[in-house]
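Number of protein chains: 2
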Amino acid sequence: MDWQALTADQAALARIPQQLRMLAERWEIDKGQILFRIGDRIHSVFSIISGEVRLIRRDRGGSEVVLQRSRGGFFAEASLDSKVYHCDVVATEKGSVLRFPVLAFRAALDVDSDFRNAWMIHLAREVRKLRAQCERLSLRSAADRVFHYIESEGSDGIITLNQSRKAWAAELGLTHEALYRTLSRLQSNGTLDITGHRIAIVQADPAHHLQSV
Amino acid sequence: MDWQALTADQAALARIPQQLRMLAERWEIDKGQILFRIGDRIHSVFSIISGEVRLIRRDRGGSEVVLQRSRGGFFAEASLDSKVYHCDVVATEKGSVLRFPVLAFRAALDVDSDFRNAWMIHLAREVRKLRAQCERLSLRSAADRVFHYIESEGSDGIITLNQSRKAWAAELGLTHEALYRTLSRLQSNGTLDITGHRIAIVQADPAHHLQSV
DNA sequence: CGTACTTTTGAATCGCATCAAATCTGGTGG
DNA sequence: CCACCAGATTTGATGCGATTCAAAAGTACG
Numbered sequence: 004m005d006w007q008a009l010t011a012d013q014a015a016l017a018r019i020p021q022q023l024r025m026l027a028e029r030w031e032i033d034k035g036q037i038l039f040r041i042g043d044r045i046h047s048v049f050s051i052i053s054g055e056v057r058l059i060r061r062d063r064g065g066s067e068v069v070l071q072r073s074r075g076g077f078f079a080e081a082s083l084d085s086k087v088y089h090c091d092v093v094a095t096e097k098g099s100v101l102r103f104p105v106l107a108f109r110a111a112l113d114v115d116s117d118f119r120n121a122w123m124i125h126l127a128r129e130v131r132k133l134r135a136q137c138e139r140l141s142l143r144s145a146a147d148r149v150f151h152y153i154e155s156e157g158s159d160g161i162i163t164l165n166q167s168r169k170a171w172a173a174e175l176g177l178t179h180e181a182l183y184r185t186l187s188r189l190q191s192n193g194t195l196d197i198t199g200h201r202i203a204i205v206q207a208d209p210a211h212h213l214q215s216v
Numbered sequence: 004m005d006w007q008a009l010t011a012d013q014a015a016l017a018r019i020p021q022q023l024r025m026l027a028e029r030w031e032i033d034k035g036q037i038l039f040r041i042g043d044r045i046h047s048v049f050s051i052i053s054g055e056v057r058l059i060r061r062d063r064g065g066s067e068v069v070l071q072r073s074r075g076g077f078f079a080e081a082s083l084d085s086k087v088y089h090c091d092v093v094a095t096e097k098g099s100v101l102r103f104p105v106l107a108f109r110a111a112l113d114v115d116s117d118f119r120n121a122w123m124i125h126l127a128r129e130v131r132k133l134r135a136q137c138e139r140l141s142l143r144s145a146a147d148r149v150f151h152y153i154e155s156e157g158s159d160g161i162i163t164l165n166q167s168r169k170a171w172a173a174e175l176g177l178t179h180e181a182l183y184r185t186l187s188r189l190q191s192n193g194t195l196d197i198t199g200h201r202i203a204i205v206q207a208d209p210a211h212h213l214q215s216v
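One line per chain: the protein sequences are B and H, in this order.
Just so you know, this note's numbering puts the end of the first sequence at 216, numbered straight through with nothing missing.
Just so you know, this note's numbering puts the end of the second sequence at 216, numbered straight through with nothing missing.
And the structure:
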């Protein structure tokens with residue numbers, strides 16, 4: 004297991020103490036596989052290596068509600084403080100996850116203050132990031148969401164995307180068509196400078212300027 | 004300070020050790036007041052008693068991006084691990100906040116394992132809740148968001164709102180008009196049973212049924 | 001070289017935002 | 001108790017922008 008390669012969004016993973024690492028199991032998961040069901044006794048905390056999982060809650064009618072889609076990072080962290088899982092978890096594509104026994108995880112948090120601090124920092128950052136994303140998703144227009152993303156996730160009005168535009172569109176809550184059209188409009192506008200995966204804000208959107216006067 | 008009244012969404016507040024509580028200061032804030040600016044040295048962690056604050060980042064053009072709106076609960080938690088604030092914080096209405104010295108807060112987390120556990124649980128729950136909200140906000144239709152909210156925030160298809168519908172609309176990322184119309188349509192549909200602040204799903208939405216077949 | 005996926009453009013449609021205005025509600029003070 | 005006000009609720013008409021469906025061109029990878 005290459006623990007060094009994961010540090011980017013996963014500083015907490017790198018800080019996992021040796022003792023706990025040795026207890027981690029790698030699970031290969033198939034598309035459609037159910038990792039655990041609602042009501043199951045909690046046994047593990049997971050981190051995704053590859054693929055995608057969804058946390059789902061179903062009503063009696065059979066319609067389902069996606070509580071979370073994960074492609075990387077931990078999931079079911081909230082299970083650290085309960086006895087049973089509160090949702091189903093299903094893999095939507097082939098991939099693999101890392102499984103940590105929850106008791107050992109709790110014990111490591113209690114004992115290892117470095118790990119504990121890394122974990123708290125990880126959670127706090129996640130909260131900050133998710134709050135920003137909620138704000139972004141409540142913006143009405145595609146252009147506003149693009150700006151918000153660059154301003155909050157990039158630095159100094161410049162961002163280098165680490166994903167395909169299609170995936171970015173999903174993160175922005177847009178269809179890929181809408182994002183493509185918005186980007187090309189903003190570029191021919193002179194508002195954005197797009198070179199490959201690097202996107203820079205050239206000047207504030209005219210509409211935004213009005214607000215600031 | 005009535006610490007008991009806040010336990011609802013704020014279990015972590017109730018677990019704050021006596022020593023740290025004694026260091027807390029209550030700040031009365033006016034509309035438009037700036038609590039701190041980007042680049043300021045971090046001195047405090049805050050919790051809102053009343054009113055609303057916004058975490059804002061500005062670009063050079065003067066247009067601003069809202070990273071977070073808070074009406075209750077902690078904000079700027081992520082500042083526990085940095086030296087300077089990463090955004091401006093402005094009050095958008097009159098209210099008051101609780102101010103904890105960040106050093107004492109960190110020390111309390113190190114020393115008091117009860118408080119520490121409560122804090123980690125608080126953060127993990129916040130993460131879970133925010134992820135669900137992001138999923139909800141990326142749903143296209145107003146009806147889907149209403150269902151998602153009831154399924155994920157309520158229990159057994161029933162929810163009792165603790166806020167006005169206008170405020171709920173904002174949380175759902177909708178205009179209040181859209182929410183009012185959607186609710187009355189779903190009620191005359193026979194899909195929802197609405198009695199005051201109690202909303203119950205009577206039957207799955209027909210459109211959802213198709214998916215589950 | 002072929003396959004799967006992303007990127008791109010087009011046309012039509014639909015749902016939500018927007019602006020407007022009326023009604024209802026809870027709380028305040030006279 | 002009533003008048004009054006601010007805010008929430010409700011309904012209507014209109015337009016825009018994103019979705020949707022469709023299809024073509026580009027690109028990475030084995």
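Cβ coordinates follow ideal geometry from the N, Cα and C atoms, glycine included.
Proximity below 8 Å, CB of residue i to CB of residue j
i: Ala135/H; j: Gln136/B; result: no
i: Ala94/H; j: Asp43/H; result: no
i: Phe78/B; j: Leu23/B; result: no
i: Ile197/H; j: Gly160/H; result: no
i: Val68/H; j: Arg60/H; result: yes
i: Trp122/H; j: Ala15/H; result: yes
i: Leu182/H; j: Arg168/H; result: yes
i: Leu101/B; j: Arg29/B; result: yes
i: Ile51/B; j: Gly35/B; result: no
i: Gly176/H; j: Leu140/B; result: yes
DSSP three-state assignment for residue i, whether helix, strand or coil
i: Glu129/H; result: helix
i: Arg156/H; result: Residue 156/H is actually Glu in this sequence, not Arg. Correct three-state label for Glu156/H: helix.
i: Ser2/B; result: This structure does not reach residue 2/B, given that chain B is present from 4 up to 216, and the question cannot be answered.
i: Glu28/B; result: strand
i: Glu67/B; result: strand
i: Arg102/B; result: strand
i: Ile124/H; result: helix
i: Asp62/H; result: coil
i: Gln214/B; result: In this predicted model, Gln214/B has a pLDDT of only 40, less than 50, meaning its place in the structure is not dependable; the value taken from the coordinates is given anyway. Residue state, collapsed to three classes: helix.
i: Ala79/B; result: coil
i: Leu38/B; result: strand
i: Asp91/H; result: strand
i: Arg74/H; result: coil
i: Arg143/B; result: coil
i: Arg119/B; result: helix
i: Arg148/B; result: helix
i: Arg57/B; result: strand
Closer than 8 Å to chain H by CB, residue i
i: His46/B; result: no
i: Ala2/B; result: Nothing about residue 2/B can be reported from this structure: the residues present for chain B run from 4 to 216 only.
i: Glu156/B; result: no
i: Val68/B; result: yes
i: Ile59/B; result: no
i: Leu106/B; result: no
8 Å Cβ cutoff, residue i in contact with chain B
i: Gly54/H; result: no
i: Ile162/H; result: no
i: Arg168/H; result: no
i: Arg188/H; result: no
i: Ser141/H; result: yes
i: Glu129/H; result: yes
i: Glu180/H; result: no
i: Arg184/H; result: no
i: Ile41/H; result: no
i: Ala81/H; result: yes
i: His148/H; result: For the sequence presented, residue 148/H should be read as Arg rather than His. False, the Cβ-Cβ gap to chain B never drops below 8 Å.
Whole alpha helix (DSSP H) elements within the segment 175-204 of chain H, 4-residue minimum: 179-192
Residues of the segment 85-104 of chain H with Cβ closer than 7 Å to any Cβ of chain B, in chain order: none
Residues in the segment 9-39 of chain B having any Cβ partner in chain H nearer than 9 Å: none
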